[in-house]
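Those letters in the sequence shown? Residues 235 to 456, by the numbering used here.
Note that beta-carbon positions come from the ideal geometry of N, C-alpha and C, so glycine has one too.
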Amino acid sequence: MHDHERAARQSLIDHCRAMNASGLSLNKSGNASLRWGDGLLITPTGRAYDRLLPEDIVYLELDGSCPPGQLIPSSEWRFHCDILHAFPDTTNAIVHVHSTHATALACLGEGIPAFHYMVAVAGGDHIPCADYATFGSSELSDNVLHALQGGLRACLMANHGLVTTGKTLADAYALAEEVENLARQYMLARTLGPTRNLPPEEMARVLEKFKHYGQQRKSEQT
């Protein structure tokens with residue numbers, strides 16, 4: 235195993251350990267993947283993250299085939315493969331968590347509307363909730379892919395949890411943190427009454443501004 239691959243595998247382990255430490259996903263719940271060569275690296279099923287070694291990370295082909303001599307991949311390998319196959323130009327990493335507030339909303343079959351402009355961080359004017367299907371099934375993968383159409387980078391999963399995507403693993407992880415925080419804020423606001431959601435035209439302005447958010451002008455770069 236070359237150093238670059240070992241570092242990529244360790245990065246998956248580190249991010250999954252951070253899920254546990256931050257409360258995004260407890261114990262063995264949740265999983266993560268990273269595009270690698272013609273396939274992907276993904277966490278194995280049923281293993282505690284604090285005991286994982288780089289060689290425990292599983293390599294899959296994008297069609298889901300698993301070369302022999304490895305641990306069994308995450309039970310959710312199917313939607314990881316399908317998302318990476320469907321969005322080759324925008325997605326290189328996926329994080330799936332059972333975070334408390336996002337999952338609570340998902341158990342109502344609800345997504346997150348434009349109650350706050352930061353909802354646009356997920357790429358649209360709302361964060362949808364994919365329809366329920368049994369974990370690990372092709373139906374669930376189809377439902378998640380449907381929810382992520384139109385440039386969206388995150389969706390809730392009914393009666394299940396949250397999935398986020400990114401160009402890097404750090405991007406996907408940061409988005410999971412952001413969506414969980416938005417879910418918490420939305421639920422808190424809902425306890426006080428109906429939210430005053432922003433109109434589509436305002437969210438369109440925010441999405442346009444987000445295209446350049448945090449970037450320096452070229453004249454300012456050194």
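Under a 10 Å Cβ-count criterion, S308 is classified as buried, with 16 or more other Cβ atoms of the shown protein chains found around its own Cβ. T429 carries a coil assignment under DSSP once its states are collapsed to helix, strand and coil.
For V353, there is no enclosing alpha helix (DSSP H), since its DSSP letter is neither H nor E. A direct Cα-Cα distance of roughly 34 angstroms separates F349 from S245. Relative to E411, the option among A255, D272 and Q383 whose CA is nearest is A255. In this structure, the beta-carbon distance from I346 to I328 does not fall below 8 angstroms. For S245, the enclosing alpha helix (DSSP H) has its first and last residue at D237 to S256. In this structure H238 is exposed. Its beta-carbon is surrounded by fewer than 16 other beta-carbon atoms within 10 angstroms. If you draw a straight line from the Cα of K445 to the Cα of G303, it is about 43 angstroms long. Every alpha helix (DSSP H) stretch that sits fully inside the region 350-431 and reaches 4 residues is listed by chain position as 372-381 and 403-426. By the Cβ rule, the region 395-407 counts as touching the region 326-342, because three or more pairs are nearer than 8 angstroms.
For P288 and N261, the gap between their C-alpha atoms comes out near 19 angstroms.
Here DSSP, grouped into helix, strand and coil, assigns A282 to coil. The straight-line gap separating the alpha-carbon atoms of S375 and F369 is approximately 9 angstroms.
Taking a C-beta distance under 8 angstroms as the contact criterion, P278 and I306 qualify as a contact pair. Per DSSP, I346 lies in no alpha helix (DSSP H) and is assigned neither H nor E. The beta carbon of D365 is closer than 7 angstroms to those of N377 and A392 in its chain, skipping five residues each way along the sequence.
The three-state reading of DSSP puts E295 in strand, counting E and B together. Taking the Cβ atoms as the reference, V413 lies roughly 16 angstroms from T429, outside the contact range of under 8 angstroms.
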